[in-house]
Every structure is written in C-alpha cells, then in structure tokens.
Amino acid sequence: MIVIPAIDIKDGKVVRLLQGHFDKVTEYAKDPLALAKHWQKLGAQWLHVVDLDGAQTGEMKNLEIIKKIAKTVSIPIEVGGGIRGEKEVKELLKAKIARVILGTRVVREKDFLKKILSLGQDKIAVSLDCSNGFVTQRGWVEVSDIKGTDFAKDLEAMGLKTLIYTDVAKDGTLSGPNWDGLKEILKTVEISVIASGGISSLDDIKKLMDLKAQNLWGAITGKAIYENKLDFRKAVELTAK
Numbered sequence: 274m275i276v277i278p279a280i281d282i283k284d285g286k287v288v289r290l291l292q293g294h295f296d297k298v299t300e301y302a303k304d305p306l307a308l309a310k311h312w313q314k315l316g317a318q319w320l321h322v323v324d325l326d327g328a329q330t331g332e333m334k335n336l337e338i339i340k341k342i343a344k345t346v347s348i349p350i351e352v353g354g355g356i357r358g359e360k361e362v363k364e365l366l367k368a369k370i371a372r373v374i375l376g377t378r379v380v381r382e383k384d385f386l387k388k389i390l391s392l393g394q395d396k397i398a399v400s401l402d403c404s405n406g407f408v409t410q411r412g413w414v415e416v417s418d419i420k421g422t423d424f425a426k427d428l429e430a431m432g433l434k435t436l437i438y439t440d441v442a443k444d445g446t447l448s449g450p451n452w453d454g455l456k457e458i459l460k461t462v463e464i465s466v467i468a469s470g471g472i473s474s475l476d477d478i479k480k481l482m483d484l485k486a487q488n489l490w491g492a493i494t495g496k497a498i499y500e501n502k503l504d505f506r507k508a509v510e511l512t513a514k
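In our numbering, the protein residues as written are 274 to 514.
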C-alpha cells in the first residue's frame, strides 16, 4: 500500500475543500508545480491531482498546469476533475498522465466507460464518491439512488482495474475514514481500491495497512499533510515496511 499526496487545483492554486463544498475553500500553496516536486522529494510514489474548477464546471480549466506537473516530476500522476469526454482522456494520456480518473459521466453512461477502457484498462480509474452508501455525482452536489457497492460490482464487471473510494462526509474533516464503508467496498470487489477522505494520522495509515491484503492499493491524503497532522515522510517509511 502506498500513500498518495493530493494536489487539488483551483484558480491555479493548491486548495482543499471541506466535504466537497466550493464555498469552504482553504488555500495552501500558490505554486502546484513546486508542491509536486516537494512531495516527490519526500518520497511520494504517485501524485493525485484534481482540477477543482473542472469538477465544478464540467470542463478542465487547469490543464496546462497539470501538463507541466507531468513533465516536471518523474513519478506517475493520476488526474481527475472535469474529464467528461474521450477527447480529454486522450489528451491527458498523450501528455504522459499515468492514470485518468473519471467520475460523474460514468454514473449515467456506462457505455462511455467501456469506450474509454479500450484505451487501456490500467490507465483509467473511476472515482466512487459516496454519501450514506449511495453514489454522488456532478461534483458531489447530487446523491443518486445507486448503491456504492452495486456500482463497484458493475465497474469491475466492465473491466475496470482501479477504484478510488471517497466518503463525501469525511473528506477534509480529519476525522478518519469511513471504515465500514471502505471495508464493504473491499469485500465487494477484487480490483485495486484507493481510499480517500478523512485520513488524518499515522494511526489511520496503520489501520489502512491492515487492509492491504484485501486489495487496498493506496491511500490519498490532502488536508492532513498540509496542516501537519500527518508527517508524510513517516507515512511513506511506514508503508514501505
């Protein structure tokens, strides 16, 4: 299991949202590029980059910055936010983005996912964002009537290899992950799962490591490392054991 730093970009700056609310923004850095290099230097094996403007509007707004990050660091990066079409996916893969994260559109159009997976199953992830066990969409604004576990099973059956599970209520709260929700997803599928939302301490990382035998591949952390609640270097050392 690896620990993955999150770089969420809004208006060209690195920020975090509380529970996905765009009116609850905290700015942490003005230069995403410098931050990407910083996390790589501290031992990051992957970077998780999100275009928040894209997630909000449905159209990528920070693409050039993201391309610069991909060119600058030597570690792979995964990118999400505002990726709604095949054209954007192809452009990102051409720019050496290692993995493209899809969200909203996949909930409504499974045929779209099948088409995108044909570009390379290992290059695509789906963000499974849940609220009370149900899938959210449109930047977490709407809660669907689709159960997260049912959707996860469908995605696996379609050939998806990587799933990013986030409990919306936990994101940005530093209150620990939704352990029950995460364990339920891990029991449901056999594909690689990345946990996100609420991770706040080395203790959380230790508990997550106990789940790596159940196909937990990674854990994304944002607010905890930006507010020094979690020592990223120590987390890297811990997961390397």
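Even glycine gets a Cβ: it sits at the ideal position worked out from N, Cα and C.
Beta-bridge pairing by DSSP links V399 to L375 and L436. If you check the CB distance, K496 and R289 come in under 8 Å. For L428 and V379, the gap between their C-alpha atoms comes out near 9 Å.
If the five residues before and after T512 are omitted, its C-beta is found closer than 7 Å to the C-beta atoms of M274, I275, V276, I478 and M482, all from its own chain and listed in chain order.
Between A328 and G355, the CB-CB gap stays under 8 Å. When only Cα atoms are considered, V441 and D402 end up about 6 Å apart. Cβ contact annotation for K485 (same chain, cutoff 7 Å, sequence separation greater than five): M274, in chain order. Secondary structure at V380: helix, using DSSP grouped into helix, strand and coil. Counting only runs of 4+ residues, the alpha helix (DSSP H) found wholly inside the region 299-335 occupies 305-314 and 325-330, in chain order. With respect to the 8 Å criterion, I464 and P450 are not classified as neighbours on the basis of their beta carbons. Here L489 carries a strand assignment [DSSP, helix/strand/coil]. If you look at K480, you'll find it in the alpha helix (DSSP H) that goes L475 to M482.
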